[in-house]
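Heads up: the structure comes next, in structure tokens.
Protein chains: 2
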Amino acid sequence: MGPPERKRERTRRELLSTALEVFWVNGYNATSIDQVIEASRFTKGAFYYYFPSKRDLAQAVIDDAIGELTQQRWLDPLAESSDPLATLVVLLKRSRDHSTMDHLRRGCPLNNMALEVSAIDDEMRARVQHWFDVWIGGISSALKRSQQDGVLRADIDTVELATFVVAGFEGAISLAKASHSEETLQRALGTLIRYLEDLRTVNNSAATADRTGGKR
Amino acid sequence: MGPPERKRERTRRELLSTALEVFWVNGYNATSIDQVIEASRFTKGAFYYYFPSKRDLAQAVIDDAIGELTQQRWLDPLAESSDPLATLVVLLKRSRDHSTMDHLRRGCPLNNMALEVSAIDDEMRARVQHWFDVWIGGISSALKRSQQDGVLRADIDTVELATFVVAGFEGAISLAKASHSEETLQRALGTLIRYLEDLRTVNNSAATADRTGGKR
């Protein structure tokens, strides 16, 4: 018999949020499960009740914690936006302008995990891939709406563009992580942002300035 | 007293090439020095004569083996080209069109290393950063020549563009590695390639088709 359902769910989320943090800062392979347990306020026994191994823990971190982040930071704002192309630009500007040295050092938790596990653990790779697919799919659907609204150029393949945006974003974050350089991040994301802004139809260029102007 | 200078140099290069391979396939943190020794044809004693620790080995892999790859694959062709912008496009097309599943799985050795060591070992991070800087610098100098030749649009900041190209390339390789998908690679690199092609000045658009046509 374990703890009651609601408490169990709360504890599980707390452990996952600690584990996300520790893996994010140190990397997955370089982190021991003891480091995660130490960072949590729990005993080994309690911890192993929820996650029998480091791999079980990491899978739950990908499925739940990183998935939730992707949903909150990217997919929800895009899904709720009346001008998804402008919102995508705002999200990229946020990363460009508000990344602290701490953010630069950490990089992206999904890509960190991707590069560590893809070659050595195919089941974990598939879980990472799932979130890349959902992320790219969410951006693509949002851009499709912009296209239907006549805001995004009609000749653009939105799946291709969404893939390019995620690739450009991940590459920019990787370079910034390796160089600890805000300037590198700004250069790479700045070019991506200008590229997206140039894909607005001529009729809608003025609208962009109005709608996003206040947030600049 | 060790082996004579020339033999020592040859053995060292051989060990580095084995280590590059093993780290590339499995990742740095997930690889033990014993795995590298086993993959080489050398005894532990001989191996430790050259590289006293896994970290010493990895530093030499970054400085020499990955450095040499960067030089051969990117910097030399660009430095020797009479049309660097066209050559950059050719290099990206080669990655887009000739990546086997084995390439996709491995990803980029520099970025793999970057994401594993940046957060936990600042000296190794600095060595990785050095090669990103050299790589971006080499592309930027080459693009500067294209600009002086009137081939690349004059309003382009070549450092910014070079940073964006490396970021877009690395992100595309990461996504392909996580998804084992050639299609993802083609989508992300295809967009980057079209972006670069659109930066040729109008006068030189026809020239592009001529010069790179035979290699398509």
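As they're listed, the protein sequences go chains A and B. Heads up, the first sequence is in this note's numbering, so the first residue is 34 and it goes up one at a time. Heads up, the second sequence is in this note's numbering, so the first residue is 34 and it goes up one at a time. The C-beta atom is built at its ideal place from N, Cα and C for all residues, glycine as well.
Check whether residue i and residue j have beta carbons under 8 Å apart
| i | j | result |
| --- | --- | --- |
| ARG186 of chain B | THR133 of chain B | no |
| VAL167 of chain A | THR103 of chain A | yes |
| PHE84 of chain A | ALA211 of chain B | no |
| ALA112 of chain A | ASN62 of chain B | no |
| ALA152 of chain A | ARG74 of chain B | no |
| ALA98 of chain B | PHE197 of chain A | no |
| GLY223 of chain B | ARG106 of chain B | no |
| THR60 of chain A | GLY204 of chain B | What sits at residue 60 of chain A in the sequence shown is Gly, not Thr. Result no, Cβ atoms of GLY60 of chain A and GLY204 of chain B do not sit closer than 8 Å. |
| ILE206 of chain A | VAL122 of chain A | no |
| ALA209 of chain A | LEU137 of chain A | yes |
| PRO117 of chain A | ARG178 of chain A | yes |
| ALA93 of chain A | LEU49 of chain A | yes |
| VAL55 of chain A | VAL69 of chain A | yes |
| ILE169 of chain A | LEU232 of chain A | no |
| SER114 of chain B | ALA195 of chain B | no |
Three-state class that DSSP yields for residue i in the structure shown
| i | result |
| --- | --- |
| ARG186 of chain B | coil |
| ARG233 of chain A | strand |
| ALA61 of chain B | According to the sequence provided, residue 61 of chain B is Tyr. The question's Ala does not apply to it. Here TYR61 of chain B sits in coil by DSSP. |
| THR76 of chain A | coil |
| THR120 of chain B | helix |
| GLY201 of chain A | helix |
| ALA240 of chain A | Its pLDDT being 48, under 50, ALA240 of chain A is placed unreliably in this model, and the coordinates cannot settle the point. |
| GLY140 of chain B | coil |
| LYS248 of chain B | Residue confidence for LYS248 of chain B is low, a pLDDT of 39 falling below 50, so the modelled location carries little weight; the figure read from the coordinates is stated next. LYS248 of chain B: coil per DSSP, three-state reduction. |
| ALA152 of chain B | coil |
| THR51 of chain B | helix |
| THR133 of chain A | coil |
Closest residue to residue i among the options (Cα-Cα distance)
| i | options | result |
| --- | --- | --- |
| SER173 of chain B | B:ASP97, B:GLU193, B:ASP155 and B:ALA159 | B:GLU193 |
| MET157 of chain B | B:ASP89, B:SER179, B:PRO110 and B:GLN219 | B:ASP89 |
| ASP67 of chain B | B:GLU216, B:PHE80 and B:TRP57 | B:PHE80 |
| VAL161 of chain A | A:SER50, A:ASP109, A:ILE95 and A:ASN59 | A:ILE95 |
| ARG127 of chain A | A:HIS163, A:GLU54, A:ALA195 and A:LEU218 | A:LEU218 |
| THR191 of chain A | A:ARG46, A:CYS141, A:LEU229 and A:GLU71 | A:LEU229 |
| LYS87 of chain B | B:ALA52, B:SER214 and B:ALA72 | B:ALA52 |
Beta-carbon neighbours of residue i, restricted to chain A and to distances below 8 Å
| i | result |
| --- | --- |
| ASN237 of chain B | Here the premise fails: no neighbours, minimum Cβ distance about 20 Å. |
| GLU149 of chain B | GLY60, ASN62, ALA63, LEU148 and GLU149 |
Burial state of residue i (16 or more Cβ within 10 Å)
| i | result |
| --- | --- |
| ASN145 of chain B | buried |
| GLU38 of chain A | exposed |
| GLU149 of chain B | buried |
| GLY171 of chain A | buried |
| GLY78 of chain A | exposed |
| GLN180 of chain B | buried |
| ALA242 of chain B | In this prediction, ALA242 of chain B has a pLDDT of 45, which is less than 50 and means its spatial position is unreliable; what the coordinates show is noted afterwards. Exposed, since its Cβ has fewer than 16 Cβ neighbours within 10 Å. |
| SER65 of chain A | exposed |
| THR44 of chain B | buried |
| THR76 of chain A | exposed |
| GLY100 of chain A | buried |
| GLY246 of chain A | Here GLY246 of chain A scores only 39 on pLDDT, less than 50, and its place in the model should not be relied on; the value that follows carries that caveat. When all chains shown are included, GLY246 of chain A counts as exposed. |
Beta-carbon neighbours of residue i, restricted to chain B and to distances below 7 Å
| i | result |
| --- | --- |
| ILE153 of chain A | ASN59, GLY60 and ALA63 |
| PHE80 of chain A | Chain B residues near PHE80 of chain A: none, gap ~22 Å exceeds 7 Å. |
Under 7 Å from the C-beta of residue i: neighbouring residues of chain A
| i | result |
| --- | --- |
| THR318 of chain B | Given that chain B is displayed from residue 34 to residue 249, the structure contains no residue 318 of chain B and the question cannot be resolved. |
| ALA211 of chain B | ALA147, SER151, ARG158, VAL161, GLN162 and PHE165 |
Interface partners of residue i on chain B, CB under 8 Å
| i | result |
| --- | --- |
| THR224 of chain A | GLU193, LEU194, THR196 and PHE197 |
| SER207 of chain A | ASN144, ALA147, LEU148, ALA200, GLU203, GLY204 and SER207 |
Within chain A, partners of residue i - CB distance below 9 Å
| i | result |
| --- | --- |
| PHE202 of chain B | ALA200 and GLY204 |
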